[in-house]
Amino acid sequence: MSVSLSRLEDLSYRKNDDQLRYSAFLKANYNFSESTTLSFWGTGYTREKGTFIYWKDLGNALIPPDTDLGQSVKSDRTIMGINLKHIYNEKLYISFIPSVYISYWKDQSEGNNKSSSRLYRSELRANYNHSENANIVSGIEFQHNDIGSTIFGNRIANTIGMFSQLDYKIITPLNLSFGLRFDNTKLENLKSEYSFSPKLGINYKYDENTYVRASIGKGFRSPSLAEAFTSTTTSGVTVKPNPNLKSETSYSMEVGVNHNFYNVVSFDLAIFNNEFFDMIEPGFDPADGQLFFNNLTRARIQGVDINTTTSIIPQHLTMNLGYNYLWAIDVDKNISLKYRPKQNAILGLNYSNNIFETGFDFRYMSRVEKIDNELVDLGLVPDGNERVDIIVLDVRLGVNLFSQNIPGRIFLNVTNLFNYYYVELIGNIAPIRNFSLSAEFIF
Numbered sequence: 014m015s016v017s018l019s020r021l022e023d024l025s026y027r028k029n030d031d032q033l034r035y036s037a038f039l040k041a042n043y044n045f046s047e048s049t050t051l052s053f054w055g056t057g058y059t060r061e062k063g064t065f066i067y068w069k070d071l072g073n074a075l076i077p078p079d080t081d082l083g084q085s086v087k088s089d090r091t092i093m094g095i096n097l098k099h100i101y102n103e104k105l106y107i108s109f110i111p112s113v114y115i116s117y118w119k120d121q122s123e124g125n126n127k128s129s130s131r132l133y134r135s136e137l138r139a140n141y142n143h144s145e146n147a148n149i150v151s152g153i154e155f156q157h158n159d160i161g162s163t164i165f166g167n168r169i170a171n172t173i174g175m176f177s178q179l180d181y182k183i184i185t186p187l188n189l190s191f192g193l194r195f196d197n198t199k200l201e202n203l204k205s206e207y208s209f210s211p212k213l214g215i216n217y218k219y220d221e222n223t224y225v226r227a228s229i230g231k232g233f234r235s236p237s238l239a240e241a242f243t244s245t246t247t248s249g250v251t252v253k254p255n256p257n258l259k260s261e262t263s264y265s266m267e268v269g270v271n272h273n274f275y276n277v278v279s280f281d282l283a284i285f286n287n288e289f290f291d292m293i294e295p296g297f298d299p300a301d302g303q304l305f306f307n308n309l310t311r312a313r314i315q316g317v318d319i320n321t322t323t324s325i326i327p328q329h330l331t332m333n334l335g336y337n338y339l340w341a342i343d344v345d346k347n348i349s350l351k352y353r354p355k356q357n358a359i360l361g362l363n364y365s366n367n368i369f370e371t372g373f374d375f376r377y378m379s380r381v382e383k384i385d386n387e388l389v390d391l392g393l394v395p396d397g398n399e400r401v402d403i404i405v406l407d408v409r410l411g412v413n414l415f416s417q418n419i420p421g422r423i424f425l426n427v428t429n430l431f432n433y434y435y436v437e438l439i440g441n442i443a444p445i446r447n448f449s450l451s452a453e454f455i456f
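For the sequence shown, our numbering gives the first residue as 14, with consecutive numbering after it.
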């Protein structure tokens, strides 16, 4: 059995953005016999957090609008479940995994919103090891969502899914993975929707240092109760329901290669393409200026992802480099999808010896091309169009006391070293420069 309790108090770098949270975690295992085991797990928290949705204006970037001052959101969330596993023989075992997620929150906005929800989920899964080269995982799951809310109404949603996946080693260097999933979902009084989602993956070991992979598959996502039925006003923004919202489907393809150069440099390259139909995105209705969730007829997200890890001085100095180029567009309108930067890059350098550890992490993200301009044009978020490229540097310096037979570590961390001002969400200054000293000791 393992148990943890924690208390977090954060005064925040922004006004009215403080929070106080208590959380707990429990996991316990019990063996009925060598072939039957039971695991129980549960986690949850209770929290009160100030309301900060967007800034007052650019000159008061760390202060919310006057109407939000003094407001907060009280929330309680708990999730718990069990995993009952029975091994029939060396080839077959079955798992039964029921769980429940309970959520409650209440705010102090003009709508005095509150919500209580329960999500029940059960899964029955079988793992069959047919041979040394073939393994099959199959199962069925059921979800029931029950919500009572001032902004969603009293709603229920039911989902049933069935799935099966075969992993098969055709020849020694070639592995094949094939899966098929069926989903049927029913939201309240909306029309029931279903989908068959196949996928195929191939992994080929070219030599001891090179792996090639490829995959193709279909995805399915039904709208959430919040996306279909939300009706509220918060901080001047009105959200209306859209009972005509449909499920979105997608088709994804990826090709990648991983190569190890002389056990010094690990290089991974992936090229991907995702095609979306009826993609669910938030937007504004030009007829009344209200926010709602709607289906884009067609969307496409393509890109290239590169990651390398280099051992400059083995066991002492390593470098990580990652780069992602993303091309995300609304195909029908030929415009960029909102809040998706084209370029992301990270660079990390870490050095350690027996006592000292130091390093830095550099992050770059190109300026987002498209946002919800209606929030700015309607005057809801003053100066909301202000945004720049993101250039952030974090550094750290630590002492590893384990090398001196003392069970602990001490670290000095500086995040956003150059105090660079940027936004990741409209009207929200990201964390400013921060110093922290952390100490960890094991008794």
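The beta-carbon is built from N, C-alpha and C at its ideal position, and this holds for glycine as well.
Check: At least three beta-carbon pairs within less than 8 Å, the stretch 187-195 to the stretch 238-246; Outcome: no
Check: Residue from Ile229, Ile107, Pro256, Phe45 whose Cα sits closest to the Cα of serine 265; Outcome: Ile229
Check: Nearest-angstrom beta carbon gap, aspartate 81 and isoleucine 66 [assumed within contact, 8 Å]; Outcome: 7 Å
Check: Host beta strand (DSSP E) of leucine 132 (start-end); Outcome: 127-144
Check: Candidates Gln32, Val270, Arg409, Gln417: closest to leucine 21 by CA position; Outcome: Gln32
Check: From Val270, Leu393, Asp70, Asn146, residue whose alpha carbon lies closest to that of lysine 104; Outcome: Asn146
Check: For isoleucine 314 and serine 349, the rounded distance between their alpha carbons; Outcome: 10 Å
Check: Opening and closing residue of the alpha helix (DSSP H) in which glutamate 453 lies; Outcome: That residue, glutamate 453, is in no alpha helix (DSSP H); its beta strand (DSSP E) goes 447-454.
Check: Threonine 185 classed as buried or exposed, judged by whether at least 16 other C-beta atoms fall within 10 angstroms; Outcome: exposed
Check: Rounded separation between glycine 83 and lysine 383 - CA only; Outcome: 32 Å
Check: Where the beta strand (DSSP E) containing leucine 97 begins and where it ends; Outcome: 85-100
Check: Whole runs of the beta strand (DSSP E) within the stretch 181-213, excluding any shorter than 3 residues; Outcome: 187-200
Check: Spatially closest choice to tyrosine 275 from Arg234, Ala312, Thr322, by CA coordinates; Outcome: Thr322
Check: Nearest neighbour of leucine 391, chosen from Tyr338, Val381, Val408, Gly302 [CA to CA]; Outcome: Gly302
Check: Under the three-state DSSP convention, the category alanine 239 falls into; Outcome: helix
Check: Proximity of leucine 339 and arginine 353 at Cβ, strictly below 8 Å; Outcome: yes
Check: Spatial distance of lysine 212 from lysine 231 (CA atoms); Outcome: 6 Å
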